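Here the structure is laid out as structure tokens; the discussion comes afterwards.
Chains as they are written, first to last, in our numbering: chain A, 1 to 457; chain B, 458 to 642.
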């Protein structure tokens with residue numbers, strides 16, 4: 001499985017862990033941030049994120065009390081920021097699974113430095129996405145009606161022929177499998193934290209969290225197979241989730257939505273935005289936790305290459321959509337696309353194109369894709385662009401079949417508050433997680449380390 | 458016929474009494490595992506901070522049988538997912554929604570797929586937990602460095618031909634930097 005050092009030298013592959021670290025150094029370096037008092041930088045970030053989260057929770061409470069009318073949604077634009085946020089965040093989550101599962105199956109060893117944080121990003125992004133899904137149903141306290149359970153109303157079952165129910169199943173399966181996959185990898189690292197703990201209470205907590213793992217070779221042999229199976233299951237799962245999300249649109253009979261290109265286009269967009277988010281988070285994490293020897297420029301450069309490729313796939317999808325709208329000869333389809341580009345929401349369309357298609361082109365140059373400031377700025381641009389992509393798709397609704405019912409969507413302050421709030425919740429969860437669990441898969445990194453003196457490689 | 462074998466579901470055995478040897482690097486634990494295997498101490502195990510490629514072959518551990526669990530539970534999930542949709546929609550409470558066919562089976566495929574993946578994944582993890590002997594609280598930690606950078610060799614007192622003094626000197630001869638006799642308290 002692992003390439004030997006001789007092969008790595010021949011291929012001129014860079015070391016995935018730099019700085020001549022030993023396995024003990026790896027344990028110490030990665031676990032140390034969870035044992036020390038948080039730095040002032042962490043506190044600043046946490047206070048900001050937590051404040052936004054608290055405000056968001058208040059706004060959500062107000063929404064529960066007042067109802068959906070406080071938002072900008074209307075008829076015909078009945079899906080607003082909530083659905084945009086839902087698609088955006090679930091897309092962010094996909095890169096985590098891609099890094100942990102798809103790159104695992106392709107034996108891309110460089111993933112070990114970043115997979116743990118990317119998987120955590122998946123979990124938190126899916127939680128944020130699912131909360132948006134529940135909030136937009138109107139009576140969120142009845143959100144459990146989305147699941148089929150024996151009830152006193154017949155039992156009246158959910159409509160399994162509706163893509164919205166497919167979504168419920170896809171998102172909850174995705175969350176469960178991602179959670180299990182993520183936690184499986186965490187078990188040995190949490191056991192390492194337990195064994196290092198000096199404080200008995202801390203030790204007890206990590207004993208519970210690590211499930212009492214001791215690292216028996218027999219258990220490892222089962223664990224490796226389980227990880228492989230979960231990776232193999234996650235790969236079609238991640239593709240199915242965004243495919244099903246795109247069905248929410250594609251199955252409806254609306255010009256601009258009713259297209260077969262939606263599933264691959266959504267999946268590519270999801271990977272694109274997710275990788276951008278991973279780059280943003282990794283650039284920050286390696287600074288804050290001093291992990292430059294583990295999250296190297298090579299890792300970041302590889303991710304930037306993927307951003308470049310998926311960015312061009314997304315660009316191609318935009319062009320294809322336009323071409324097909326014209327080539328189909330359907331005037332409603334044609335109008336929907338011309339209206340997207342030059343209608344009242346032209347600015348959103350052009351933000352989308354410049355952020356998603358033009359900005360990643362800088363990554364053609366090695367200087368650009370290995371420069372930390374450049375990639376940080378570009379990754380944020382990509383995320384802005386991908387949020388606007390979903391906004392542009394949603395705004396197809398403002399011109400429906402009947403010109404008399406045409407209307408514009410203008411988000412209210414509450415829409416904006418809850419948009420910012422999604423970032424607040426995400427970063428609060430992420431920052432808290434960084435404090436209690438290792439941000440890098442310690443055991444996995446040890447398997448790809450450069451040869452040790454007296455080692456077995 | 459290609460079918461699973463019992464030894465593929467080898468279970469973690471609790472390390473309550475026996476002898477533990479601590480080794481400093483991968484090559485010495487591999488060597489130690491090989492020699493212990495040759496010595497026929499059955500039920501011996503290694504404690505590793507990370508999986509070492511090739512140690513299963515040396516220890517004679519059979520390849521994990523978990524993929525069989527995945528396969529069978531995947532089938533169960535698939536049938537359950539499809540069957541539930543069919544029974545509720547076409548039998549229990551048929552509702553005409555937008556003139557769609559009651560048994561519109563192609564519309565059931567996404568949920569059938571999700572249920573397949575869900576059951577296969579969750580039950581594989583559950584089976585893994587059972588075979589790895591987790592979760593279990595307050596398990597005795599034999600040596601704190603075994604989850605970080607050292608490697609352990611465990612020979613249980615129940616092993617065939619176990620004689621404490623003999624085993625201790627054997628483990629020492631393998632190059633263990635530390636040898637401990639663990640007894641049930």
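Built from N, CA and C at the ideal position, the CB exists for glycine as well.
These numbers come from a predicted model, not from an experiment.
For residue i, which residues in chain B fall below 9 Å Cβ to Cβ?
i	result
residue 94/A	Those within 9 Å of residue 94/A in chain B number zero; the least Cβ separation is about 15 Å.
residue 155/A	545, 549 and 550
For a contact meaning CB atoms closer than 8 Å, what does residue i contact in chain B?
i	result
residue 116/A	Neighbours of residue 116/A on chain B: none; closest Cβ ~14 Å, over 8 Å.
residue 170/A	567 and 571
residue 177/A	574, 575, 578 and 579
Could you check which residue in the options has the C-alpha nearest to that of residue i?
i	options	result
residue 364/A	330/A, 307/A and 380/A	307/A
residue 634/B	462/B, 481/B and 491/B	481/B
residue 192/A	86/A, 210/A and 142/A	210/A
residue 535/B	566/B, 526/B and 521/B	566/B
residue 318/A	353/A, 302/A and 297/A	353/A
residue 85/A	388/A, 189/A and 413/A	388/A
residue 419/A	128/A, 295/A, 301/A and 330/A	128/A
residue 552/B	397/A, 160/A, 349/A and 51/A	160/A
residue 314/A	367/A, 77/A, 263/A and 142/A	263/A
Under 8 Å between the Cβ atoms of residue i and residue j?
i	j	result
residue 589/B	residue 507/B	no
residue 641/B	residue 473/B	yes
residue 475/A	residue 425/A	Only positions 1 to 457 of chain A appear in the structure, and residue 475/A is not among them; the question remains open.
residue 417/A	residue 59/A	yes
residue 554/B	residue 169/A	no
residue 310/A	residue 268/A	yes
residue 182/A	residue 119/A	yes
residue 592/B	residue 196/A	no
residue 70/A	residue 79/A	no
residue 87/A	residue 340/A	no
Does any CB atom of chain A fall closer than 8 Å to the CB of residue i?
i	result
residue 565/B	yes
residue 504/B	yes
residue 678/B	Nothing can be reported for residue 678/B: it is not among the residues displayed for chain B, which extend from 458 to 642.
residue 516/B	yes
residue 532/B	no
residue 581/B	yes
residue 499/B	no
residue 536/B	no
residue 603/B	yes
residue 598/B	yes
residue 622/B	no
residue 495/B	no
residue 616/B	no
Please list the partners that residue i has in chain A, where partner means a Cβ-to-Cβ separation under 8 Å.
i	result
residue 542/B	160
residue 595/B	207 and 212
residue 561/B	161
residue 479/B	Within 8 Å Cβ-Cβ: nothing; residue 479/B doesn't reach chain A, min ~13 Å.
Please tell me whether residue i has its Cβ less than 8 Å away from any Cβ of chain B.
i	result
residue 212/A	yes
residue 139/A	no
residue 369/A	no
residue 266/A	no
residue 1/A	Summary for residue 1/A: the model assigns pLDDT 40, below 50, so the residue's position carries little reliability; its value from the coordinates is reported in the next sentence. At least one chain B Cβ lies under 8 Å of residue 1/A.
residue 45/A	no
residue 196/A	yes
residue 180/A	yes
residue 173/A	yes
residue 120/A	no
residue 230/A	yes
residue 23/A	yes
residue 215/A	yes
residue 76/A	no
residue 252/A	no
residue 69/A	no
residue 244/A	yes
residue 38/A	no
residue 456/A	Here residue 456/A scores only 43 on pLDDT, less than 50, and its place in the model is too uncertain to base an answer on.
Let me see if you follow: with CB-CB separation under 8 Å, is residue i close to chain C or not?
i	result
residue 557/B	This model lacks chain C altogether; the protein chains it does include are A and B.
Check the Cβ of residue i against every Cβ in chain B and list those closer than 7 Å, keeping chain order.
i	result
residue 437/A	Per Cβ cutoff of 7 Å: no residues; residue 437/A is ~14 Å from chain B at best.
residue 222/A	521, 523, 585, 588 and 589
residue 218/A	467, 469, 502 and 518
residue 166/A	567 and 568
Counting only Cβ pairs nearer than 9 Å, list the residues of chain A close to residue i.
i	result
residue 613/B	Per Cβ cutoff of 9 Å: no residues; residue 613/B is ~12 Å from chain A at best.
residue 628/B	By Cβ distance, chain A contributes nothing, its closest Cβ being about 16 Å from residue 628/B, past 9 Å.
Validate contact between the region 511-522 of chain B and the region 218-226 of chain A using beta carbons, cut 8 Å, 3 pairs: Contact holds: three or more Cβ-Cβ distances are below 8 Å.
Three-pair Cβ contact test at 8 Å for the region 238-249 of chain A versus the region 88-102 of chain A: In this structure the region 238-249 of chain A touches the region 88-102 of chain A; the number of beta carbon pairs closer than 8 Å is three or more.
Cβ contact (3+ pairs, closer than 8 Å) linking the region 228-235 of chain A and the region 283-299 of chain A: With a cut-off of 8 Å, the region 283-299 of chain A and the region 228-235 of chain A do not count as touching, because too few Cβ pairs lie within range.
Touch test, the region 169-179 of chain A against the region 117-124 of chain A, Cβ-Cβ under 8 Å, three pairs minimum: For the pair of segments examined, the region 169-179 of chain A was found to touch the region 117-124 of chain A: the number of CB pairs separated by less than 8 Å reaches three.
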